[in-house]
Amino acid sequence: MRVKYVLNEVLVGLWRNVTMTIAMIITMSVSLSMLGASVLLYMQVDQMKDYYYGNIQVSIFLTDDVTDGQKATIDQAITSSDLVKDKTYETKEDALKRFQQLWADSPDFVNAINADSLPESYRVTLKNPEQYKDFAKVIEGMPGIRQIIDQSDILEEVFDIFNSIQLASLIVAGFMAVAALLLVGNTIQVAAYSKRREVAVMKLVGASNWFIQAPFVLEAVVAGLIGAILGFVALFIAKVVLLDNKLQALTTILTPIPTGNVMLMLPLLAGVGALVSAVTAWVTLRFYLKV
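Take the position in the sequence shown, starting the count at 1, then add 192; the result is the number in my numbering.
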């Protein structure tokens, strides 16, 4: 009987303050979707780091007048290094083919470049990419070498941008969470005030605080759960419609977001939404019931 009463009061309370309930659900869904996006971005950045850092190469560009003897010396220095996992020699013709593939969408630019415009190079994969400086000390300054480029330096700049976006999304999610908390507290206060006489009567007849608080807390939990579901749906649609279709051109830079990672957001958002709503409602009612 008590359970039926509590559930009935929850439904009545949600409908009685329907406009504030809708506002609370929308605010909660936006803040939780931002939280989910931040968590997904955090997981994706880590995945991209594992992928890209595992494929980092050191590019050793040779001068145009490099001799066969100098190339043999450079090749020997690379091969004999204990830091090297693998190496590939790229001729001018190979460099041109790769250039044409990378810039296939710009035919005029491709036509303006010929094999003589591109240098010969070695593409070296290190066993440990962090040992680049130790490797560079061995070969830098050798005759025939024009430039040595470590791809990790470029990747660090890229991941700095991703980390900044990650931080910005967390900050936005934090502000939205504060707004959601204030709205939940305000909604519960209004609901409790509208039933202040019933609450007073229940306290006079000896009803426990838990029994009085339960309908209000459950109202907030239901609103939080609905907001979490809507936030998850928004994330899933964004993944399928936007990332999987509209942004396919970025797959050469962004690694695909696994569907499993997105599905993990449902229990996470539901748990956070329900817990935050319940705690906020409980704290609000604790102050109210002391009056």
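Idealized CB from N, CA, C, for every residue including glycine.
> Which whole-angstrom value is the C-beta distance of T476 and G377, which I expect to be below 8 Å?
Replying inline: 5 Å
>> For D278, which residues in the same chain have their Cβ closer than 6 Å to its Cβ, ignoring the five residues on either side in sequence?
In response: T317
>> To the nearest angstrom, how far is the alpha carbon of T219 from that of D342?
In response: 45 Å
> Does the Cβ-Cβ distance between A307 and K284 come in under 8 Å?
Replying inline: yes
>> With a threshold of 8 Å, are at least 3 pairs of Cβ atoms found where one atom belongs to the stretch 412-422 and the other to the stretch 217-236?
In response: yes
>> Between T280 and chain B, is any beta-carbon pair separated by less than 8 Å?
In response: No chain B appears in the structure shown, which is made up of a single protein chain.
> Taking the alpha-carbon positions, what's the V464 to E348 distance?
Replying inline: 32 Å
>> Please state whether the Cβ-Cβ distance between L224 and L461 is less than 8 Å.
In response: yes
> Do you know whose CA, among D286, T211 and I331, lies nearest A264's CA?
Replying inline: I331
> According to DSSP, which residues form a beta bridge with F408?
Replying inline: Paired residues: none, contrary to the question.
> So, are the CB atoms of S141 and M235 less than 8 Å apart?
Replying inline: No statement about residue 141 is possible, as the shown extent of the chain runs from 193 to 483 and does not include it.
>> Please report the distance separating the alpha-carbon of Q249 from that of I357.
In response: 26 Å
> What separation, rounded to the nearest whole angstrom, lies between the Cα atoms of D256 and M334?
Replying inline: 14 Å
>> Can you tell me which residues form a DSSP beta bridge with K279?
In response: V316
> When burial is assigned at 16 or more other CB atoms within 10 Å of the CB, is T444 buried or exposed?
Replying inline: Residue placement at T444 is poorly supported in this model, since its pLDDT is 48, which falls under 50; the coordinates are not used for a value here.
> Going by DSSP, which residues form a beta bridge with F253?
Replying inline: S313 and Q339
> Just reading off the alpha helix (DSSP H) that Q323 is part of, what are its end residues?
Replying inline: It is not in any alpha helix (DSSP H) - Q323 carries neither H nor E in the DSSP assignment.
> Would you call the CB atoms of T379 and T213 closer than 8 Å?
Replying inline: yes
> Taking DSSP as the reference, what is the three-state secondary structure of W295?
Replying inline: coil
>> Alpha carbons only, please: which of I252, N303 and V222 is nearest the one belonging to V370?
In response: V222
>> Going by C-alpha to C-alpha distance, which of Q405, S309, R478 and V350 sits closest to A253?
In response: As written in the sequence, residue 253 is Phe, which differs from the Ala given in the question. Selected option, being the one with the closest Cα: S309.
> Is the beta carbon of T486 sitting closer than 8 Å to the one on G336?
Replying inline: Shown here, the chain extends from 193 to 483; a query on residue 486 therefore has no answer.
> Within the present structure, is the beta-carbon of T476 separated from the nearest heavy atom of the ligand SAM by less than 7 Å?
Replying inline: This structure does not include the ligand SAM; it has no bound ligands of any sort.
> Looking at F424 and M457, is the spacing between their C-beta atoms short of 8 Å?
Replying inline: yes
>> Would V454 and F428 be called neighbours here (beta carbons separated by less than 8 Å)?
In response: yes
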